[in-house]
Amino acid sequence: MTRPIFLWSNLILIGTILTLASVLIGDSRGGYGFPLAWKTGGCPPPGIVISESCLLAIGYDWLSFGLDALIYTFIGFGILLAYSKYRVAKQIR
Numbered sequence: 006m007t008r009p010i011f012l013w014s015n016l017i018l019i020g021t022i023l024t025l026a027s028v029l030i031g032d033s034r035g036g037y038g039f040p041l042a043w044k045t046g047g048c049p050p051p052g053i054v055i056s057e058s059c060l061l062a063i064g065y066d067w068l069s070f071g072l073d074a075l076i077y078t079f080i081g082f083g084i085l086l087a088y089s090k091y092r093v094a095k096q097i098r
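Counted the way my numbering counts, the sequence shown spans residues 6 to 98.
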């Protein structure tokens, strides 16, 4: 019983980390995040002064963030499932 809880908690954690890392993909027009844009607005490129209005213009879409995390979690689960089936098939031969 402990193993599935440990597995899912690790997959959700990895999915969330990948979602946070995906904020590096995108632009200021379409939003940041992949595959769904969950961060909008933001500050200008480095070298330009960051103002208070710039920081207040950052917005987050938490539904898209959650869906991104779920997508990455299910991708990780699919990879793990395929690997386990491959490993079992290899042991049978």
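Note that the Cβ used here is the ideal one computed from N, Cα and C, for glycine as well.
Worksheet item: Once you ignore the five residues that flank Leu16 on each side, which residues in its own chain have a CB closer than 6 Å to its CB?
Response: The residue labelled residue 16 in the question sits at position 11 within the sequence shown. Excluding positions up to five away in sequence, the list reads Thr78, Gly81 and Phe82.
Worksheet item: Expressed to the nearest angstrom, what Euclidean distance is found between the alpha-carbon atoms of Leu85 and Ser56?
Response: Position 80 of the sequence shown, counted from the start, is the residue given in the question as residue 85. Position 51 of the sequence shown, counted from the start, is the residue given in the question as residue 56. Going by the C-alpha atoms only, they are around 45 Å apart.
Fill in: Gly36 and Thr45 closer than 9 Å at C-beta
Counting from one through the sequence shown, the residue named residue 36 turns up at place 31. Counting from one through the sequence shown, the residue named residue 45 turns up at place 40. For Gly36 and Thr45, yes; Cβs fall inside 9 Å.
Item to complete: May I have the straight-line CA-CA distance separating Gly71 from Gly38, to the nearest angstrom?
Response: If you number the sequence shown from 1, residue 71 lands on position 66. If you number the sequence shown from 1, residue 38 lands on position 33. Approximately 11 Å between the Cα atoms of the pair.
Item to complete: Have a look at Ala87, Cys59 and Asp73 and flag the residue whose alpha-carbon is nearest the alpha-carbon of Ile22.
Response: Translated into the one-based positions of the sequence shown, residue 22 becomes position 17. Residue Asp73 is the option with its Cα nearest to Ile22.
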